[in-house]
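Asker: Quick note, the sequences are listed as chains A and B, same order. Okay, so the first sequence: first residue is 1 according to my numbering, each after it adds one. Okay, so the second sequence: first residue is 288 according to my numbering, each after it adds one. Think of the CB as a built atom: it goes at the ideal place given N, C-alpha and C, for glycine as much as any other residue.
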Amino acid sequence: MVTELLQLAIYGVVLGSILTLGAIGVSLIYGILRFAHFAHGDLMALGAYFSLSLVAGLGFPVWASAPFAIVGAALAAIAIDQTVYRHLRKSPPIILLISSFGIAIALRSVIQLVWGPRNQVYASGIQIPWRFEGLVIKPDHVWIVLGAVVLVAALHLFLTRTKMGKAMRAMSDNMDLALVSGIPSERVIMVTWAVGGGLAAVAGIFLGMDTRLHPVMGWSVLLPVFAAAILGGIGRPYGAIAGGMVIGLAMEMSTVVIDPTYKPAVAFALMVIMLVVRPQGLFKGNA
Amino acid sequence: MEMDGLLTYGVFFLTQAGIYAVLALGLNVQYGLTGQINIGIAGFFAVGAYTSAIVTTHPSTAHLGGFNLPFPVGVVAAMATSALVAAAIGRITMRLRSDYLAIATIGIAEIIRLALKNEDWLTNGVRGIPGIPRPFSETLGANPLISLGVVLGFVAFAFWMVERARSAPWGRVLRAIRENEDGVSAAGKDVAHFRLQAFVFGASLMGMAGALYAHFIGFISPEAFLPLYGTFLVWVMLIAGGAGNNWGALVGALAIWVLWSATQFMTDALGAEYATQAGALRVLLIGVLLQVILIARPQGLLPERGARKH
């Protein structure tokens, strides 16, 4: 029983790492642009498929394809913002939310058109897992968790040590004050999309490594990603780390008592409980 | 196509457009009047369809019921069940901001979809429920024209209800909440309570549309409720027609349904080997269309009368 729980905890940390990378992007975008970006899951999927093209088409190892996927997804996010969202900046946030819902659908269609509707994987065959005392750990799991830790650390340095990172935090904390102090808002917005899109690409690749690639993979993971962002306090990127881990662990550990099909329901239930009990999140968000 | 074929297609086409019109009217109560975002339309639609199917089909060991009750009972039950689901979730979420509600509705739709697929005792799982009777087929026969008439009757009924609600003081409170929640609250109205009523009312119409769909097609399975496309099309319909305007909801439903069906003819011409790509291309086109409308004409074809210009 203890081994089983520990095993599920390992899966939970892996899922939590993936959710964290997605939720940080959602939180950053919410902090700067004040809308819930519904296309974030599909942006993750897009990054995963960019990687697939290099892996399956040109024989890259997955890790080597990641930088290209990050740049690709970041550029895609900036392009979407410039062609669509930028024209809606003066509209109520609700309109941006609906627009991003449409973008989510459009991105998924593009993925289906380019890469086809079936399930795909980066590497066929079974990885030989490591075994300790009855626990099973796949090398991929280690890479996913390590990758997430490195990226979160890099993001922390970016937000605290660079001028642009500080400008992003300033805009997120107090938009009006940041604007009157001369922060170039359009440039900050562009960097926000680049960071959010890049992190989403990695999250998508990790999700593809952990499970498989499918055009609906992004939409399916959107709910847990939002749950993680809300749990951590939306608009608070650091909270997203805690939120991602809690949701990831809860979803995996819940399979002890409930049918694994209902894992998304666990994320949903936690999110709703959080919204009722403490809507500002574990850490005070911008709610 | 021969004359008969054309007529059959026309009847089929209008019946489906009518079902979408009911959905768009339901969404208009929630979003157009009250400013609530519901991304889980397909969930309420499915709840309505399954409820009416279980209530009206012959008894079966494959799923709950059926209870062999007449069609009108099925519709009322469908509306009531959708309303109940909406009330349960609404009680928790109505005090939240609209973007949190939007996220919550994704969760509801997802859980409903999973339940339809996995709770075999209730829904017969992925095999679905066959043999749902056409409306009044025992007395009037199974003529598709009768189904069309019934659906259009329900469209008119839904329109009348929503239009009355909109022009009544109740509807004015909803629009006031949409424009200035704090002001309404300061005027002594219980904002959450009004929101809940609007959410439940809209969801019951979506349940009604689900029942109409089930009786019109005769067979339902989880496959029929691809959550996104149903929800997404209804949103494009309402935004294109004009959120807040009930005529807009009707016009938008018809216009987008014409477009959606026309793209099917176009993509059919590509041939069967491109069928999946063609489907994706259609959705992509509608997705782009939504962006164009939001940027170029956010008020829709028929703007809400007396609405504040943004």
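Rounded to whole angstroms, how far is the Cβ of B:T348 from the Cβ of B:L356, which I believe are closer than 8 Å?
Answerer: Their Cβ separation, rounded to whole angstroms, is 18 Å, which puts B:T348 and B:L356 out of contact at 8 Å.
Asker: Show which residues of chain B have a CB atom less than 7 Å away from the CB atom of A:D176.
Answerer: In chain order: nothing, as chain B lies at least about 19 Å away.
Asker: Quick check: what's the CA-CA separation for B:Y296 versus A:S53?
Answerer: Between B:Y296 and A:S53, the C-alpha separation is close to 42 Å.
Asker: Going by DSSP, what residue range makes up the alpha helix (DSSP H) through A:I294?
Answerer: Any answer about residue 294 of chain A is impossible in this case: the structure gives chain A only from 1 up to 287.
Asker: Would you give the residue range spanned by the beta strand (DSSP E) that A:L135 belongs to?
Answerer: Looking at the DSSP string, the run of the beta strand (DSSP E) that includes A:L135 is L135 to I137.
Asker: By DSSP's criteria, A:F132 is part of a beta bridge. Which residues make up the other side?
Answerer: A:L135
Asker: Could you tell me which chain A residues have their CB closer than 8 Å to the CB of B:D386, listed as they occur along the chain?
Answerer: Within chain A, the residues near B:D386 are F35, A36, P93, I94 and L97.
Asker: By DSSP, does A:Q120 sit in helix, in strand, or in coil?
Answerer: Three-state DSSP puts A:Q120 in a strand.
Asker: Around the C-beta of A:P139, are 16 or more other C-beta atoms found within 10 angstroms, so that it is buried, or is it exposed?
Answerer: exposed
Asker: Is B:F486 closer than 7 Å to B:A373 when the C-beta atoms are compared?
Answerer: yes
Asker: Which residues mark the beginning and the end of the alpha helix (DSSP H) in which A:T255 is found?
Answerer: Careful: A:T255 lies outside any alpha helix (DSSP H) and carries neither H nor E.
Asker: Assuming A:I29 contacts A:G243 under a Cβ cut-off of 8 Å, what Cβ separation, rounded to an integer in Å, is found between them?
Answerer: Rounded, the Cβ-Cβ distance is 15 Å, inconsistent with contact.
Asker: Going along chain A in order, which residues have a C-beta closer than 9 Å to the C-beta of B:T392?
Answerer: Those do not exist, as B:T392 stays about 10 Å from chain A at its closest Cβ, beyond 9 Å.
Asker: Kindly provide the ranges of any alpha helix (DSSP H) runs that are 4 or more residues long and lie completely inside the region 140-211 of chain A, ordered along the chain.
Answerer: Taking only runs of at least 4 residues, the alpha helix (DSSP H) segments lying wholly in the region 140-211 of chain A are 163-173, 175-180 and 185-210.
Asker: Taking all protein chains shown into account, decide if A:P260 is buried (16 or more other Cβ within 10 angstroms of its Cβ) or exposed.
Answerer: exposed
Asker: Tell me whether the beta-carbon of B:A501 lies closer than 7 Å to the beta-carbon of B:A340.
Answerer: In this structure, the beta-carbon distance from B:A501 to B:A340 falls below 7 Å.
Asker: Pair every Cβ in the region 323-339 of chain B with every Cβ in the region 382-396 of chain B, then say whether three or more of these pairs are closer than 8 Å.
Answerer: yes
Asker: Excluding the 5 residues flanking B:G305 on each side, which residues of the same chain have their C-beta closer than 7 Å to its C-beta?
Answerer: V438, L439 and V442
Asker: Can you find at least 3 beta carbon pairs, one from the region 203-219 of chain A and one from the region 183-195 of chain A, that sit closer than 8 Å?
Answerer: no
Asker: Taking A:I292 and A:T192 to be in contact with their CB atoms under 8 Å, please state how far apart those CB atoms are, rounded to whole angstroms.
Answerer: Within the shown structure, residues of chain A are numbered from 1 to 287, placing residue 292 of chain A beyond reach of any answer.
Asker: With 7 Å set as the bound, which would you pick, yes or no: does the beta-carbon of B:M288 sit closer than that to a beta-carbon of chain A?
Answerer: Unreliable placement is indicated for B:M288, whose pLDDT of 49 sits below 50; no coordinate value is reported for it.
Asker: Below 6 Å CB to CB, which residues in the same chain sit around B:G418 once its five sequence neighbours on both sides are set aside?
Answerer: T344
Asker: Output, in chain order, the set of chain A residues within a Cβ distance shorter than 8 Å of B:G574.
Answerer: Simply G102, I103, I105, A106 and S109.
Asker: Mind checking A:H141: buried by the 16 CB within 10 Å criterion, or exposed?
Answerer: buried
Asker: List, in chain order, every chain C residue whose beta-carbon is nearer than 8 Å to that of A:P117.
Answerer: You won't find chain C in this structure, because its protein chains are A and B.
Asker: Indicate the three-state DSSP secondary structure (helix, strand or coil) for B:L435 in the structure shown.
Answerer: helix
Asker: Step through the CB atoms of chain A and report whether any lies within less than 7 Å of the CB of B:K596.
Answerer: Model confidence at B:K596 stands at a pLDDT of 49, short of 50, so the residue's coordinates are unreliable and nothing is read from them.
Asker: In the DSSP assignment, what residue or residues form a beta bridge with A:L213?
Answerer: A:Q120
Asker: Please classify B:S472 as buried or exposed, where buried requires at least 16 neighbouring CB atoms within 10 angstroms.
Answerer: exposed
Asker: Within the continuous alpha helix (DSSP H) that includes B:R482, where are the two ends?
Answerer: V478 to I504
Asker: Quick one: what's got a C-beta closer than 6 Å to A:A104's C-beta in the same chain, skipping five residues either side?
Answerer: F38, A39 and D42
Asker: Using three-state DSSP, classify B:I324 as helix, strand or coil.
Answerer: coil
Asker: Give the single residue among A:I247, A:V110, A:Y122 and A:P93 whose Cα lies nearest to the Cα of A:A56.
Answerer: A:Y122
Asker: When the cut-off is 7 Å and only beta carbons count, does B:N411 lie next to chain A?
Answerer: no
Asker: Among the residues of its own chain, which have a CB less than 6 Å from the CB of A:L8, if the five just before and after it don't count?
Answerer: E252 and M253
Asker: Using a beta-carbon distance cut-off of less than 8 Å, what residues from the region 263-286 of chain A approach chain B?
Answerer: P264, A265, A267, F268, M271, V272, L275, V276 and P279
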